[in-house]
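Trainee: Residue numbers (the working numbering), protein chains in the order written: chain A, 389 to 1393; chain B, 7 to 218.
C-beta atoms are modelled at their ideal positions from N, C-alpha and C, and glycine is treated no differently.
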Amino acid sequence: MSTARRLQSGGLIDRSRRIRFKFNGKDYSGHPGDTLAAALLAQGVRRFGRSFKYHRPRGVVGAGAEEPNALVQVGEGALSTPNLRATQVELYEGLTARTVNGWPSLAFDVGAINNRLSRLLPAGFYYKTFMWPRSAWMRYEHHIRRAAGLGHAPSLPDTDHYDKRHAHCDVFIAGGGPAGLIAALGAARSGARVLLVDEQTQLGGTLLFAPVAIGGRTGLDWVSELEAELRSFPEVTILNRSTVTGYYDHNFLVVNERRTDHIGPGQASSKTTRERLWRIRAKQVVIATGAIERPLVFDGNDAPGVMLASAVSTYIRRFAVAPGRSGVVFTNNDSGYQAALDMVSAGMEVRAVVDIRENPGASVLAAVSACEIPVYRECVVSSVQSGFQGLKRIELAKLSPGGEDILSHKGLINCQVLAISGGWSPAVHLHSQSGGRPRYDSAKACFVPGSSVQAECSVGACGGSFTLAACLREGADAGISAAVQSGWPGGYVDVPAVKEFAQAPIQPLWEVPAGALSGNGVKKFLDFQNDTTAADIKLAAREGYRSIEHVKRYTALGFGTDQGKLGNINGLAILAKALGKSPDEVGTTTFRPNYTPVTFGTVAGRTLGEQLFDPVRKTAIHAWHVRRGASFENVGQWKRPWFYPRDGEDMHAAVNRECLAARNGVGVLDASTLGKIDIRGPDAARFLNLLYTNNWDNLQPGRCRYGFMLGEDGMIMDDGVTTCLAPGHYLMTTTTGGAATVLTWMERWLQTEWPELKVYLTSVTDQWSVMSVAGPYARTVLKAAGCDLDLDGDAFPFMSMQAGQVAGISARVSRISFSGELAFEISVDANQGLALWEAIMVAGRDYDITPYGTESMHVLRAEKGYVIVGQDTDGSVTPVDLGMDWIVSKKKDFIGRRSLSRSDTGRPNRKQLVGLKTEDPSRVLPEGAQLVNSRQEAQPVPMIGHVSSSYSSANLGRSIALALVKGGLSRMGGTIYAHLMDGSVVPATICEPVFFDPENQRTKS
Amino acid sequence: MTFMQSPLTELKTPIRSLGVGGGLSFWIQERPFRTHLNLRGDGSDVRFVEGVTTATGVVLPQDPNTCVSSDRWHASWLSPDEWLLMGPGDDVAVAGLVDQLEPLHHALNDVSGGQTVFRVGGNAWRDVLASACPFDLHPRVFGEGACGQTVVAHTNVVLILVSDDPRGEALDIVVRRSFAEHLARWLMDAAIEGGFEFLAPARLSQPRRFAR
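(1) If the cut is a Cβ gap below 8 Å, which residues of chain A does B:TRP83 touch?
(2) Quick one: what's got a C-beta closer than 7 Å to A:ALA904's C-beta in the same chain, skipping five residues either side?
(3) Can you look up A:ILE1255 in the DSSP assignment and give me helix, strand or coil?
(4) Give me the residue from A:ALA734, A:GLU1380, A:PHE1282, A:LEU1210 with the minimum Cα distance to A:GLN1389.
(5) Label A:THR648 either buried or exposed according to how many other C-beta atoms from any shown protein chain fall within 10 Å of its C-beta, with 16 as the threshold for buried.
(6) Using 9 Å as the limit for Cβ to Cβ distance, is A:PRO492 near chain B?
(7) Beta strand (DSSP E) containing A:ARG473: first to last residue?
(8) CA-CA distance, A:ASN721 and A:ARG393?
(9) Less than 9 Å between CB atoms is the rule here; does A:LEU1222 satisfy it with respect to chain B?
(10) Flag this pair as touching only if the segment 923-934 of chain A and the segment 425-436 of chain A have three or more C-beta atom pairs under 8 Å; answer yes or no.
(11) If you reduce the DSSP assignment to three classes, tell me which class A:ASN1022 lands in.
(12) Once DSSP output is grouped into helix, strand and coil, what is the label at A:VAL1158?
(13) Going by C-alpha distance, which of A:VAL477, A:SER543, A:GLY810, A:ASP551 is nearest A:ARG629?
(14) Going by C-alpha distance, which of A:SER1337, A:VAL1382, A:SER1341, A:ARG1028 is nearest A:MET1360?
(15) How many Å lie between A:LEU424 and A:ARG706 at the Cα?
(16) If you run the structure through DSSP and keep just helix, strand and coil, what is A:PRO971?
(17) Does DSSP put A:ARG1203 in a helix, in a strand, or in coil?
(18) According to DSSP, A:VAL559 sits in a beta bridge with which residue or residues?
(19) Can you check DSSP and say which residues form a bridge with A:MET1134?
(20) Which chain A residues sit within Cβ distance under 7 Å of B:ARG182?
(21) With 9 Å set as the bound, which would you pick, yes or no: does the beta-carbon of B:ARG37 sit closer than that to a beta-carbon of chain A?
(22) Helix, strand or coil for B:PHE216, going by three-state DSSP, please let me know.
(23) Is the Cβ of A:SER730 closer than 9 Å to any Cβ of chain B?
(24) Pick out whichever of B:ARG182, B:ILE166, B:ARG183 has its Cα sitting closest to the Cα of B:GLU175.
(25) Check each candidate in A:CYS1047, A:ALA576, A:ALA1317 and name the one with the smallest Cα separation from A:LEU1352.
(26) Any idea which residues DSSP pairs A:PRO348 with across the strands?
(27) Would you mind working out which of A:PRO456, A:ARG980, A:TRP1133, A:LEU479 sits nearest A:GLY418, comparing C-alpha positions?
(28) Any C-beta of chain B sitting closer than 9 Å to the C-beta of A:ARG1390?
(29) What residues from chain B crowd round A:HIS554, counting only those whose CB sits closer than 7 Å?
(30) Just to confirm before moving on: does the CB-CB distance between B:ASP87 and B:GLY49 stay below 9 Å?
(31) Do A:ARG745 and A:ARG765 have their C-beta atoms within less than 9 Å of each other?
(32) Quick one: Cα of B:ALA130 to Cα of A:ILE675, how far?
(33) Using a Cβ-Cβ cut-off of 6 Å (strictly less than) and excluding sequence neighbours within five positions of A:PRO492, which residues of its own chain qualify?
(34) Determine whether the Cβ of B:MET92 lies closer than 9 Å to any Cβ atom of chain A.
(35) Looking only at C-alpha atoms, which of A:SER1358, A:ILE1378, A:LEU1357 sits nearest to A:ALA1366?
(36) Cβ of A:TRP898 less than 9 Å from any chain B Cβ?
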């Protein structure tokens, strides 16, 4: 390939090595140190893509994060990343990249017809055109998106790894340019913990391309010296290739560190993470993020070859690439002149500097005049001519004194590169994210940071100080002062002297009048990525839009992946003018995180997959369940055995076998996951009275009681059995999923409403392994397991607890039952849970003891009409709705009591818990099925309830269901219909919710 | 003596995984079967504080996020009225504690079966922890005598700085039983790049007894 544009010397590239890569299927090469954009420019590539809406050919505009056009999809397959800025992609051997927009190809683009139809695609074209008819929107949208491009998310799972890192520091510095570097040094020398974050491959910022001298050295030598000293401090951390993507409350910042992208996929160890998300808490923040050069807004300013002046300088000085053979500078301030000097140094023919101002700075004027470059004052580039490969010539015009009109046309100048500078926009993003409100500085013609809301300050160009001397002075002061404010003694930094041009004031011209070359299709672009033009903004203003936030949404200004880094300020200034306001009155749109896009992988970090996405909580007996072949069910974060299939059994067969065993023999359930809260103190019973609907004053030690806890709205929140262990000492059980919520709820009431109550709460959920031995042989099995307690009915009545030994292990044994069987719950120290479980299995072998899972537990309890909170209740159900008025005390106060007397909770037609028996006993209703009054009704059909639990009961030889039905308690014996998804209608009879042993003979046997 | 099982039984240790450079910069070791007592009470009540000292030898720390040790017991401040006492199997001391506190409003819960301890160390332990722990573990901030409760990898933990481990500075992570395996897997994953060793459990020479 030709490397005609590569300079023979200079630049921060390694000419001794060559890196091969592919762009849009073609082979290219570059050098270490190149970005993709630099390497392509070096080989004469000028077109990088087509624009979003009009499909106009576009080239590189910038050299960094601000780049709107040169968006590429890098890599292949699972490791492909869309929408990367070619200006930030570092080359590696074998890199493949392709343009993200320009479907179906860059050369032939059917969408380019949009350019000629542009008057049909004005601002708000989505809303105006395609939203009608609504039904067709999805189809339009698909085609518009496809034509618009913007890359493809990989469809394969990401094989890279990502992680996160929490960090803390005294002084956080965003930006490793001159201001940030000297700030870091000031803070580091005083002893502070410093975190310096820089977006680029190497530190230096503008010094990587600006030909300046600092303290008698070159800028780059000065950077190397500072970096070496910074790295010698153990308390200094420097992150390269890292972007501060967000600044949040409490000086919390998020940084995206790219660790391996620059060496390419598969090159790093699989143990290394690709990207790391840093979560940083800083005492003080110094923002030194520099400024972004603004384009000038003139007709045809999007032609390939029109570039930011600073980008032209960067390509020449940092990457040793001359972006063309001939160039012109178009500027409204002194900084643009540097591009002219740099183009001369690169051997380019510089044909003009076009300056909007009458009085350019004397020193820059002298410098370009020495190179014999003509300077056209009070002139503009009013339009351009470009061809297939980009810019060919510009039209020079004399500006009227007010800048409103063209006075005269001064002819055409041929050039391949037009370096433009409309001034600088401080990168106030982080300041704004921190809560600050940027204010407009009319002398500098830009928004600068306003008052600080958090412990932060902006220094250098991002604070509106555009001279190197000011950057160094402010940086040094800020670094030292941030260290002092975070508790360190002040350090000392010598601010070196610098040689730079004196600067004359900028003269803003937000929109350049169109020239003679311009036909009807004048397009002065503001937002290159979204093809938003000056005319679009003015149209929005004419149509009545006033707020910049509304105009942004209507015109898509700043909506691209670049978030309007180039175009937003120009856009709001044009809006201000159209509305007759000042830019300050219009204000900026909100600068939101993230500064540049962050991959989903980075956001996820290690929180991925079965193992690490969420904790998998296991009981002490889990390994046994696994060995026994259990299928597991997730309950909250817990894994609970669902059922234990034997050879060849399906779920239905296994559950039937387990249920029959529990009713006719003996079964055992691992109940360890229930929440357990130890409640202790002289006021514990008073507290329970306030929490639960029933009365707790008379519960004697060794006795257990069931209770409902209500929310303040009177609705059931949780339930469980609480045991009195001793006077003033209770153990409460909660639902498995509700444990943490209930403990927090109880602590909240204790700490905020009833601090006078002497009660301590302790979570003991994990301390106890709990197993429920249920069935006619439960007592026999416990005896066989060596239980030293008298288990007979009178000595150990239902709803009581005793401490004793089972299989030689200290245990609490409770006679409570959620199965409706004779059942004992045994609780032991969880370290011995498995030992006890295995002892019970051995003791029960002669009785064919059957472990049963949560599904059988559900069937057994449903046979008894016991509700499950969260399944048979849904936050709109009171105990009265469940037909359990008896559990609601009339004599005392409790949380939720007052809500039970609201007219709505007292009305007759509330949904109430009933049983359902399908007319066809083999038909099992789906849970969630909606219930209606008749087979066929006129629409809309009134829904009168839903099925909350439904099972096939082997014990009863038929299906059973629980349902919540409007006025259900007064409809016993009536028929109701379930309309199912498959169109069938299933009739069922309403019955009492207790299907089995209504006299509770078994639990008490 | 009944068979006892720690929460990490399903994780077969030792495990060794060399890092990118072939190194091992992190180690984890479970310290199972210690006595863990959760104690709540009024720290401003002299009888309460002295009762604890009489039974265990430790003076309950009153400063937030600090801990103290006697020769056998270790007390960590958890909240203004809550401490974690950890020690060896010492029924005499526990029985003494129960007696001392009996007349006072307090809550003493044996949670020995409900939680365990991971000790972690090695050059990179702070970095590995930082992958999931929001605490500032810098030696100036979290040094000798420091402890604290936080969330590491979705898991509530108590962190206690260890300065008397012969292998060097280390951290004890007290974790609830049902979360222990998740946290162990997380820490191993986070330590892959630098390499780690998951050592066999550090068992007590005299395991605690359960005849209470």
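Mentor: Well, looking at it:
(1) The sequence position of residue 83 of chain B within the second sequence is 77, counting from 1. Against B:TRP83, chain A offers no close residue; the least beta-carbon distance is about 16 Å (beta-carbon pairs closer than 8 Å).
(2) Mapped onto the first sequence, residue 904 of chain A falls at position 516. Excluding sequence neighbours, A:ALA904 sits near GLU783, HIS797.
(3) Stepping through the first sequence from its first residue, residue 1255 of chain A is reached at position 867. Position check: residue 1255 of chain A holds Val in this sequence, whereas Ile was assumed. In the structure shown, A:VAL1255 sits in coil (DSSP, three-state: anything other than H, G, I, E or B).
(4) Position 1001 of the first sequence, counted from the start, is the residue given in the question as residue 1389 of chain A. Of the listed residues, the one whose Cα sits closest to A:GLN1389 is A:LEU1210.
(5) As a position in the first sequence, residue 648 of chain A is number 260, starting the count at 1. By the 16-neighbour rule on beta-carbons within 10 angstroms, A:THR648 is buried.
(6) As a first step, residue 492 of chain A must be located in the first sequence, where it is residue number 104. In this prediction, A:PRO492 has a pLDDT of 48, which is less than 50 and means its spatial position is unreliable; what the coordinates show is noted afterwards. With 9 Å as the cut-off, A:PRO492 does not count as an interface residue toward chain B.
(7) For the purposes of this step, residue 473 of chain A is taken as residue 85 along the first sequence, with counting starting at 1. 469-473 is the span of the beta strand (DSSP E), which, as asked, contains A:ARG473.
(8) Walking along the first sequence from the start, residue 721 of chain A turns up at place 333. Walking along the first sequence from the start, residue 393 of chain A turns up at place 5. Going from the Cα of A:ASN721 to the Cα of A:ARG393 covers about 28 Å.
(9) Position 834 of the first sequence, counted from the start, is the residue given in the question as residue 1222 of chain A. Output row for A:LEU1222: interface = yes.
(10) Judged by Cβ distances under 8 Å, the segment 923-934 of chain A makes no contact with the segment 425-436 of chain A, as fewer than three pairs qualify.
(11) Within the first sequence, numbered from 1, the residue matching residue 1022 of chain A stands at position 634. Residue state, collapsed to three classes: strand.
(12) As a working note, residue 1158 of chain A is residue 770 in the first sequence. Residue state, collapsed to three classes: strand.
(13) Translated into positions along the first sequence, residue 629 of chain A becomes position 241. Checking every option, the nearest Cα to that of A:ARG629 belongs to A:VAL477.
(14) Residue 1360 of chain A sits at position 972 when you count from the first residue of the first sequence. For A:MET1360, the nearest C-alpha among the options comes from A:VAL1382.
(15) Counted from its first residue, the first sequence places residue 424 of chain A at position 36. Counted from its first residue, the first sequence places residue 706 of chain A at position 318. Straight-line spacing of the CA atoms in A:LEU424 and A:ARG706 works out to 13 Å.
(16) Walking along the first sequence from the start, residue 971 of chain A turns up at place 583. Assigned with DSSP and collapsed to three states, A:PRO971 falls in helix.
(17) Position 815 of the first sequence, counting from 1, holds the residue named residue 1203 of chain A. Of the three classes helix, strand and coil, the one that applies to A:ARG1203 here is coil, per DSSP.
(18) Taking the first residue of the first sequence as position 1, residue 559 of chain A is located at position 171. The partner list for A:VAL559 (beta bridge, DSSP) reads A:VAL582, A:GLN672.
(19) Here residue 1134 of chain A corresponds to residue number 746 of the first sequence, with the count starting at 1. Paired residues: none, contrary to the question.
(20) Sequence index remark: in the second sequence, residue 182 of chain B carries index 176 (1-based). Within chain A, the residues placing a beta-carbon under 7 Å from that of B:ARG182 are ASP1154, ordered along the chain.
(21) As a working note, residue 37 of chain B is residue 31 in the second sequence. By this cut-off, B:ARG37 is not an interface position.
(22) Working through the second sequence from its first residue, we reach residue 216 of chain B at position 210. Confidence is the limiting factor: at B:PHE216 the pLDDT is only 45, short of 50, which leaves the residue's position unreliable, though a coordinate-based value still follows. B:PHE216: coil per DSSP, three-state reduction.
(23) Taking the first sequence and counting its residues from 1, the one referred to as residue 730 of chain A is at position 342. Rather than Ser, the amino acid found at residue 730 of chain A in this sequence is Asp. Residue contact check for A:ASP730 against chain B: no CB pair falls below 9 Å.
(24) Taking the first residue of the second sequence as 1, we reach residue 175 of chain B at position 169. Of the listed residues, the one whose Cα sits closest to B:GLU175 is B:ILE166.
(25) Position 964 of the first sequence, counted from the start, is the residue given in the question as residue 1352 of chain A. Of A:CYS1047, A:ALA576, A:ALA1317, the residue nearest in Cα terms is A:ALA1317.
(26) Because chain A here runs from 389 to 1393, residue 348 of chain A falls outside it and cannot be looked at.
(27) As a first step, residue 418 of chain A is located in the first sequence; it is residue number 30 there, counting from the start. Ranking the options by Cα distance to A:GLY418, first place goes to A:LEU479.
(28) Here residue 1390 of chain A refers to the residue found at position 1002 when the first sequence is read from its first residue. No, A:ARG1390 does not count as interfacial toward chain B.
(29) Start at 1 with the first residue of the first sequence, and residue 554 of chain A comes out as number 166. Those are ALA136, CYS139, PRO140, listed as they occur along chain B.
(30) Position 81 of the second sequence holds residue 87 of chain B. Position 43 of the second sequence holds residue 49 of chain B. Contact flag set, yes.
(31) Locating residue 745 of chain A in the first sequence gives position 357, where the first residue counts as 1. Locating residue 765 of chain A in the first sequence gives position 377, where the first residue counts as 1. Yes. Within cutoff.
(32) Taking the first residue of the second sequence as position 1, residue 130 of chain B is located at position 124. Taking the first residue of the first sequence as position 1, residue 675 of chain A is located at position 287. Each residue's CA atom was taken as its position, placing B:ALA130 and A:ILE675 some 30 Å apart.
(33) Reading the first sequence from its first residue, position 104 is the one you call residue 492 of chain A. For A:PRO492, the predicted model reports a pLDDT of 48, less than 50, meaning its position is unreliable; a value from the coordinates is still stated below. Cβ within range, chain order: n/a, list empty.
(34) The count along the second sequence starts at 1 and reaches residue 92 of chain B at position 86. The Cβ of B:MET92 sits no closer than 9 Å to any Cβ of chain A.
(35) Translated into the one-based positions of the first sequence, residue 1366 of chain A becomes position 978. Closest option to A:ALA1366, Cα to Cα, is A:ILE1378.
(36) One-based indexing of the first sequence puts residue 898 of chain A at position 510. Residue-level contact check: A:TRP898 does not touch chain B, since none of the beta carbons of chain B fall below 9 Å from its beta carbon.
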